[in-house]
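Here is the structure we will look at.
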Amino acid sequence: MSVEAQKETLGFQTEVKQLLNLMIHSLYSNKEIFLRELISNASDATDKLRFEAIAKPELLENDADLRIRINFDKEAKTITIDDNGIGMSRDDIISNLGTIAKSGTAEFIKNLSGDQKKDSKLIGQFGVGFYSAFIVADQVDVYSRRAGLPADQGVHWASKGEGEFDIENITKEERGTRIVLHLKTDELEFADGWRLRNIIKKYSDHIDLPVELPKQQTEAENEDKTKETEWEVVNSASALWTRPRTEVTDEDYQEFYKHLSHDFENPLAWSHNKVEGKLEYTSLLYIPARAPFDLYQRDMNHGLKLYVNRVFIMDQADEFLPLYLRFVKGIVDSNDLSLNVSREILQKDPIIDSMKSALTKRVLDMLEKLAKNEPEKYKSFWKAFGQVLKEGPAEDYANREKIAGLLRFTSTHENSKEQAVSLADYLSRAKPDQDNIYYLTGESYEQIQNSPHLEIFRKKGIEVLLLTDRIDEWLMNYLPEFEGKKLTDIARGDLDLGKLDSEQDKQEQEKLAKEKEELVERIKKALNDQVSEVRISHRLTESPAILAIGDQDLGLQMRQILEATGQSIPESKPIFEINPEHPLIEKLDKEADENHFNDLSHLLFDQAALAAGNNLKDPASYVKRLNKLLIELTN
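What follows is the structure in structure tokens.
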């Protein structure tokens, strides 16, 4: 097939069209970041070549000096970014430049609002990489050939960012990728050597290979068109993580994070450590400020960049941190792994287990430090990643107590649904004889803040954690205690406040239970198979009745999780507790008409179910009984 016959005009993926439209309308006030993104992509391409060349040295094509070159032409109004990395084939270009090959795209587009300030943050959170070229360019040309392919299998991609792109085969002698930006009229400031030099030093000084610009020349040298271009290295060209921490500024760490993650915001925290001794490796770990859209997809791409003796090995090595820390970004550079590392070897290597354990503790220590020293930043972290961290106690038994200390909850201590209470905070306010950490789960803060289950606790001034994340009930199955105190669900089983109840309280409870045995039996007969048990409540001070969950039964949150995953739900019946001192229960106790007694018993049961957040199995019967009662009261 001839070269010309392979020319095509194709349309962008829908999401790319919308993204380009936002780019073209200049959402960014800081437009110079386009160069950082394109240099970062070029750096990734050389990293990938280094790795593939370990097994296939012929891919280097007798050119092992990897570099990135930036050139400009004021007259032509162009900037060119040229790398001799891995390059792209025709299929690679269509896949990488015609679509956003990243999960969460639909959610990302759904969240775009038309508000420039908000949308620019969302785009930065998403990481757009190559498409940032259209911030300053009204046309972009890409010339590329993948290492190992013949010269006549080069590819030319071109687009004006208006919904379509052209692609054709070309002859390209050198491997790698050359991107030519045709600058917009009002962006010509970037076609300047000093401007480009300053941007490179600011954003890309840490890149671990030379970033070159044409050497500055005299006017006479500039006029000599026959003279070959001389290049000079602008950046430090050394891996940032190999430098001593004392020589790296906060700005250096922040810019390296943006290069690494393609995030546009600074990280919340980072940790740079070199481990020496029996096991030698360097790690640089970051906590992002914002969550990606695919955070809750447990099969999302995640992991650290792996290097061995500064040679790039793997882009997303997920064996070095547990899944509940999948939000962490960073690199690990080991001296102890073989250069022919593969994923199978990583999974079996005992060195990996040691490194994973140490890196996990490093991240947890970093979060502890953030929570202690910068609580406002930790609040931001918790809002973004709290639900993922809650997966930790189930996955990481060895660090369960440490993770528990990082968890945050809403509680009755604060009249707010903001999750800001730690378990240590709770215990600092606990009663002297309190042996339990009490909690209540529910669908929302609004639903449970006034739950009848809280009545006895409010009366006695005992704090209760209010857990409203869908994962919370599941979490508590793996978090039975904290600092020797048992975590207790106040809606489950027969409530026992232990030493918090006086002997007089206990005697009165026993007396009431004895006195109301007949009433309890009548209600149980009326409700028949709707309940597993009817009993006198010790929880209530204001409400007439309440539903409790059996010790081994599933709560509402776990039922919803199972329903959402299509799993069968074990059948269970609630426990119906009554407050014998409430006027309605006293009236019920005196009711001689059994039909009327049955109606009132069912009404109280349905009201208790609603208060617990349950759906009524027979709402029509509830309405009918309620209307009947209202008619009687108005006659």
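Numbering (UniProt numbering), first residue to last: 1 to 635.
The beta-carbon is built from N, C-alpha and C at its ideal position, and this holds for glycine as well.
A quick note: this is a predicted structure, and the numbers were derived from the prediction, not measured.
With fewer than 16 other beta carbons inside 10 angstroms of its own, Gly163 counts as exposed. In summary, Ser283 is buried, with 16 or more beta-carbon neighbours lying within 10 Å of its beta-carbon over all protein chains present. Between the alpha carbons of Lys77 and Asp44 lies a distance of about 27 Å. Membership of Val623 in the alpha helix (DSSP H) is indicated by the continuous run 619-634. Per DSSP, reduced to three states, the secondary structure at Met476 is helical.
Distance from Pro452 to Leu588 at the Cβ level is roughly 17 Å; contact not present, criterion being Cβ atoms closer than 8 Å. Cβ-Cβ separation between Gly303 and Ala291: approximately 16 Å, too far for a contact (criterion under 8 Å). In terms of Cα proximity to Ile207, the closest of Phe190, Glu374, Ser236, Arg50 is Ser236. Fewer than three pairs of CB atoms, one per stretch, sit closer than 8 Å, so the region 506-518 makes no contact with the region 412-432. Leaving aside the five residues that flank Leu60 on each side, the residues in its chain whose CB is nearer than 6 Å to its CB run, in chain order, Ala53.
Contact annotation: Val180 and Pro210 have beta-carbon atoms that are not nearer than 8 Å.
When only Cα atoms are considered, Gln504 and Asp496 end up about 14 Å apart. Per DSSP, the continuous alpha helix (DSSP H) segment holding Glu37 begins and ends at 33-55. CA-CA distance, Phe605 to Phe576, rounds to 7 Å.
Pairing Asp435 with Lys485 gives a Cβ-Cβ distance under 8 Å. In the DSSP assignment, His413 falls outside any alpha helix (DSSP H) and carries neither an H nor an E. Under the 10 Å beta carbon count, Leu279 is surrounded by fewer than 16 other beta carbons and is classified as exposed. Residues Asp433 of the same chain have their beta carbon placed closer than 6 Å to that of Lys499, with the five preceding and five following residues left out of the count. Less than 8 Å separates the beta-carbon of Lys305 from that of Ile331. Going by beta carbons, Arg175 and Gly87 fall inside the 8 Å limit. Between Ile93 and Leu10, the C-beta spacing is not below 8 Å. Nearest to Lys460 by alpha-carbon distance, out of Glu168, Ile170, Asn62, Asp501, is Asp501. For the pair Lys31 and Lys202, the Cα-to-Cα distance works out to about 14 Å. Here Arg522 really is in contact with Phe597; their C-beta atoms are around 7 Å apart, less than 8 Å. Within the region 229-258, the complete beta strand (DSSP E) segments of 3 residues or longer fall at 231-233, listed in chain order. Of the residues assessed, Pro350 falls on the exposed side of the cut-off, its CB having fewer than 16 other CB atoms within 10 angstroms. Here DSSP, grouped into helix, strand and coil, assigns Ser95 to helix.
Shown here, Lys485 sits in a strand according to DSSP, grouped into three states. Residue Gln419 holds the alpha-carbon nearest to the alpha-carbon of Leu466 among Leu475, Asn477, Gln419.
Secondary structure of Glu174 (DSSP, three-state): coil. For Arg362, there is no enclosing beta strand (DSSP E); the residue is part of the alpha helix (DSSP H) that begins and ends at 350-373. Gly161 places its beta carbon 8 Å or farther from that of Phe190. With a cutoff of 8 Å on beta-carbon distance, Ile33 and Ser132 are scored as near each other.
Taking a C-beta distance under 8 Å as the contact criterion, Ser537 and Ile490 do not qualify as a contact pair.
The beta carbon of Glu481 sits closer than 7 Å to those of Leu487, all from its chain and outside the five residues before and after it, given in chain order. For Arg458, the enclosing alpha helix (DSSP H) stretches over residues 455-460.
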